[in-house]
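Residue numbers for the sequence shown follow my numbering, so the first one is 1 and each next one is one higher. Okay, so here's the structure we're looking at.
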Amino acid sequence: MDSFHHGVAYSCDICEKSFKQKGYLKFHVDSVHNGVKHACDICGNKFTEKGSLKMHVNAIHNGVQHACDICGKKFTTKGNLQAHIDAKHSGIAHACNICGNKFTENGSLKRHIDSVHNGVNHPCHTCGNTFTQKDYLQIHIEAKHMGVTYSCDICKSKFTFKSYVQIHIDSMHNSIKHACDICGKKFLHKISVKRHIDKMHNGIKHACHICGKTFSSRVNLKKHIKDIHEGITYK
């Protein structure tokens, strides 16, 4: 109540970051400064939040899924199901008031504004690399500096990102393909379908904010900015 009506903020004594609620401050201190993790009793994977651990156990080990009543598509979390319904069946989109880009989730819109328009970056204190999202920074730290890897239970192949394991299992062991709803073309990864639709059917372009040149993918835009405007070359 105080934080919303009286401007009260709770600051971290270590890094001075401020939070609107004491609970958020405690979670920040536990996860960022104290390294508190919640481990899965089944596979050993660790999570910064108990809620994330619960979702992991339900989705991965208990096979809990939430089905869309309209099209039958299944999701591992209720949040993903609601985002699907909003975007695909209700036509709900959250538009950026600066550039007009639309997003299916408020969180994605906020991350877009922070990284693209406000220039918010999260630096790695070990090597200095910067990332547009805290999640990307954490993945980087675990993969590059802590040597964390995730193995496929079927063939024991190892991956630096947890999400790559599921992509690998779907494509290599379960032969799952993701089809474009417009032309029927199939892809191994969902993100590839989205990129295909954006480029081929929606004509979405990503413009360089410095020179105006447009690109069909954000990856190519990022490479262009580093190559041309920052003087960084790729071998």
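From the three backbone atoms N, C-alpha and C, an ideal C-beta is built for every residue, glycine too.
In DSSP terms, what lysine 20 is bridged to: Answer is none; lysine 20 lacks a bridge partner.
Residues in the same chain with beta-carbon distance under 6 Å from histidine 38, minus the five sequence neighbours each way, listed in chain order, please. So the list reads Phe47, Lys50, Leu53, once near-sequence residues are dropped.
Same chain, Cβ closer than 7 Å to cysteine 12, neighbours up to 5 away in sequence not counted: The answer, listed in chain order, is Leu25, His28, Val29.
Helix, strand or coil, according to DSSP, for lysine 37 in the structure here? In the three-state DSSP reduction, lysine 37 falls in the coil class, being neither helix nor strand.
Can you tell me the Cα-Cα spacing of histidine 5 and glycine 23, whole angstroms? With a pLDDT of 49 at histidine 5, under the threshold of 50, the modelled position of that residue is not reliable, and no figure is offered here.
Measuring only the C-alpha atoms, how far is glutamate 16 from serine 31? For glutamate 16 and serine 31, the distance between alpha carbons rounds to 15 Å.
Would you check if the distance between the CB atom of alanine 87 and the CB atom of threonine 76 is smaller than 8 Å? In this structure, threonine 76 does not lie closer than 8 Å to alanine 87 by Cβ.
Put aspartate 2 into one of helix, strand or coil per three-state DSSP. Because aspartate 2 carries a pLDDT of 47, less than 50, the predicted location of this residue cannot be relied on, and the following value inherits that uncertainty. When DSSP states are grouped into helix, strand and coil, aspartate 2 belongs to the helix group.
Can you give the beta carbon distance from isoleucine 197 to cysteine 211, rounded, assuming they're within the 8 Å contact cut? Actually they are not in contact, since the Cβ atoms of isoleucine 197 and cysteine 211 sit about 27 Å apart, beyond 8 Å.
Local conformation of lysine 26 per DSSP, three classes: Here DSSP, grouped into helix, strand and coil, assigns lysine 26 to helix.
Below 8 Å on the Cβ atoms is my contact criterion, and I expect lysine 102 with histidine 94 to pass it. Report the Cβ-Cβ distance as a whole number of Å. Right, their Cβ atoms sit about 7 Å apart.
Kindly list the residues whose CB is nearer than 7 Å to the CB of leucine 109, restricted to its own chain and excluding five residues on each side of it in sequence; keep chain order. Exclusion of the five residues before and after leucine 109 leaves His94, Cys96, Phe103 as the residues of its chain whose Cβ lies within less than 7 Å of its Cβ.
If we count Cβ pairs, one from each stretch, closer than 8 Å, do we get three or more for the segment 187-197 versus the segment 167-176? Because the criterion of three Cβ pairs below 8 Å is met, the segment 187-197 and the segment 167-176 touch.
For the alpha helix (DSSP H) containing alanine 59, name the first residue and the last one. Unbroken run through alanine 59: none, as it is neither H nor E.
Endpoints, alpha helix (DSSP H) assigned at valine 219: Its alpha helix (DSSP H) spans residues 218-224.
So if DSSP puts histidine 94 in a beta bridge, which residue, or which two residues, is it bridged to? Beta-bridge analysis with DSSP links histidine 94 to Phe103.
Spatial neighbours of lysine 195 in its chain, beta-carbon cut-off 7 Å, leaving aside the 5 residues before and after: It should be noted that the sequence gives arginine, not lysine, for residue 195. These residues qualify, in order along the chain: Ser217.
Measure the alpha-carbon distance for isoleucine 247 versus cysteine 155 and round it to whole angstroms. What the structure shows of the chain is the stretch from 1 to 235, and residue 247 is not part of that stretch, so it cannot be assessed.
Euclidean distance between Cα positions of histidine 33 and histidine 229: Approximately 36 Å, taken between the alpha carbons.
Given isoleucine 70 as reference, the closest of His84, Asn62, His117 once Cα atoms are compared: Sorting His84, Asn62, His117 by C-alpha distance to the C-alpha of isoleucine 70 places His84 at the top.
C-alpha distance - lysine 226 paired with aspartate 41, whole-angstrom precision: If you take the alpha carbons of lysine 226 and aspartate 41, they lie about 43 Å apart.
Based on DSSP bridge pairs, tell me the residues matched to lysine 74. Under DSSP, lysine 74 takes part in a beta bridge, and its partners are Ala67.
Can you tell me the Cα-Cα spacing of phenylalanine 159 and histidine 56, whole angstroms? If I take the Cα positions, the gap works out to 18 Å.
Extent of the continuous alpha helix (DSSP H) to which glutamine 276 belongs: Lying outside 1 to 235, the shown extent of the chain, residue 276 is not represented and no answer is given.
Within the segment 117-186, ranges of the alpha helix (DSSP H) (whole runs, at least 4 residues): List check, alpha helix (DSSP H) in window: 134-140, 162-168.
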